[in-house]
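A.B. asks: Here's a structure for you.
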Amino acid sequence: GENVEQHPSTLSVQEGDSAVIKCTYSDSASNYFPWYKQELGKRPQLIIDIRSNVGEKKDQRIAVTLNKTAKHFSLHITETQPEDSAVYFCAARGGYNKLIFGAGTRLAVHP
Amino acid sequence: DTGVSQDPRHKITKRGQNVTFRCDPISEHNRLYWYRQTLGQGPEFLTYFQNEAQLEKSRLLSDRFSAERPKGSFSTLEIQRTEQGDSAMYLCASSTGDGYTFGSGTRLTVV
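Chains A and B supply the protein sequences, listed in that same order. Under the working numbering, think of the first position of the first sequence as 1, with each following residue one higher. Under the working numbering, think of the first position of the second sequence as 112, with each following residue one higher.
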């Protein structure tokens, strides 16, 4: 079945350090991989996405890389700030355009 | 139109009662999704509508759950004979293609 695994489940970094979150997916037909940020008590919000025809995408301090052969994709946040603290979810598109989400990574950025 | 709206924001119900949630998607979005999110987990897919047609239902969706999207606009999710295990955040999302826009969710507590 369709499955997305996400690691680590928690990540603690010092302000200014980089943070990396990794995901693997099972459905080789998946072609779209978004990342969502969810702050406490709020809705998940799309922060960056990548399609299977590219290997890397960058938006300011956030970048995503995709290895289709290995079915891995990763989120990289550079120069982390306290406001980056949140739960981050990766997802992969499955059948009928539905997104299959990972279990989430709780990122804490300490000043 | 400021986004995806969900009503109510919170619902406390006694075990065995029926509850109904409403989702108003972004008006030009033809795709509507329902997800369930429990504490510390990623959103789990429940069901998907394209316009008024319900095209996919998760195996998670027991016979006690039913969803409708009459006229392809708003959607309702009904849970009959609620159980304590139904306690969760119920998220609605809409899209026209790749990325979802989520609503703020309805938090259900079954006591």
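Ideal placement from N, C-alpha and C gives every residue a C-beta, glycine not left out. As the structure is a prediction and not an experimental result, all values here were calculated from the model.
On the DSSP letters alone, give me the boundaries of the beta strand (DSSP E) that residue 57 of chain A sits inside.
C.D. replies: Counting along the chain, the beta strand (DSSP E) containing residue 57 of chain A begins and ends at 56–59.
A.B. asks: Quick check on this structure: which residue in A:9, A:49 and A:77 has the alpha carbon closest to the alpha carbon of residue 61 of chain A?
C.D. replies: The residue with the shortest Cα to Cα distance from residue 61 of chain A is A:77.
A.B. asks: Please compile the residues from chain A whose C-beta is within a distance smaller than 7 Å of the C-beta of residue 142 of chain B.
C.D. replies: The answer, in chain order, is 97.
A.B. asks: Can you pull the chain A residues whose beta carbon is under 7 Å from the beta carbon of residue 201 of chain B, in chain order?
C.D. replies: Chain A residues near residue 201 of chain B: none, gap ~12 Å exceeds 7 Å.
A.B. asks: Please classify residue 91 of chain A as buried or exposed, where buried requires at least 16 other C-beta atoms within 10 Å of its C-beta.
C.D. replies: Label assigned to residue 91 of chain A: buried.
A.B. asks: Using the C-alpha atoms, what's the distance from residue 106 of chain A back to residue 8 of chain A?
C.D. replies: So the alpha carbons of these two residues sit roughly 8 Å apart.
A.B. asks: Just to confirm before moving on: does the CB-CB distance between residue 217 of chain B and residue 160 of chain B stay below 8 Å?
C.D. replies: For residue 217 of chain B and residue 160 of chain B, no; Cβs fall outside 8 Å.
A.B. asks: Along chain B, in chain order, which residues have C-beta atoms closer than 9 Å to that of residue 27 of chain A?
C.D. replies: Here the premise fails: no neighbours, minimum Cβ distance about 13 Å.
A.B. asks: Tell me, to the nearest whole angstrom, how far the beta carbon of residue 156 of chain B is from that of residue 100 of chain A; I am working on the premise that it is less than 8 Å.
C.D. replies: Sure, about 7 Å apart at Cβ, within 8 Å.
A.B. asks: Using the three-state DSSP reduction, which class does residue 79 of chain A fall into: helix, strand or coil?
C.D. replies: In the structure shown, residue 79 of chain A sits in coil (DSSP, three-state: anything other than H, G, I, E or B).
A.B. asks: Just how far apart, CA to CA, sit residue 198 of chain B and residue 71 of chain A?
C.D. replies: Each residue's alpha carbon lies about 33 Å from the other.
A.B. asks: Rounded to the nearest angstrom, what separates residue 29 of chain A and residue 97 of chain A at their Cα positions?
C.D. replies: So the two alpha carbons sit approximately 11 Å from each other.
A.B. asks: Could you give the DSSP three-state label for residue 34 of chain A: helix, strand or coil?
C.D. replies: Three-state DSSP puts residue 34 of chain A in a strand.
A.B. asks: Tell me where the beta strand (DSSP E) around residue 122 of chain B begins and ends.
C.D. replies: From DSSP, the beta strand (DSSP E) with residue 122 of chain B extends over 121–124.
A.B. asks: Give a yes or no on whether the C-beta atoms belonging to residue 151 of chain B and residue 137 of chain B are separated by under 8 Å.
C.D. replies: No, these two residues do not count as a Cβ contact at 8 Å.
A.B. asks: Quick check on residue 100 of chain A - is its C-beta less than 8 Å from some C-beta in chain B?
C.D. replies: Residue 100 of chain A counts as touching chain B.
A.B. asks: Roughly how many whole angstroms lie between the Cα atoms of residue 206 of chain B and residue 15 of chain A?
C.D. replies: Answer to the nearest angstrom: the Cα atoms are 35 Å apart.
A.B. asks: For residue 222 of chain B, count neighbouring Cβ atoms within 10 angstroms of its own Cβ and tell me buried if that reaches 16, exposed if not.
C.D. replies: Exposed, since its Cβ has fewer than 16 Cβ neighbours within 10 Å.
A.B. asks: Residue 104 of chain A touches chain B at which residues, Cβ-Cβ below 8 Å?
C.D. replies: Neighbours of residue 104 of chain A on chain B, chain order: 151, 152 and 153.
A.B. asks: So if DSSP puts residue 159 of chain B in a beta bridge, which residue, or which two residues, is it bridged to?
C.D. replies: Its beta-bridge partners are B:144 and B:167.
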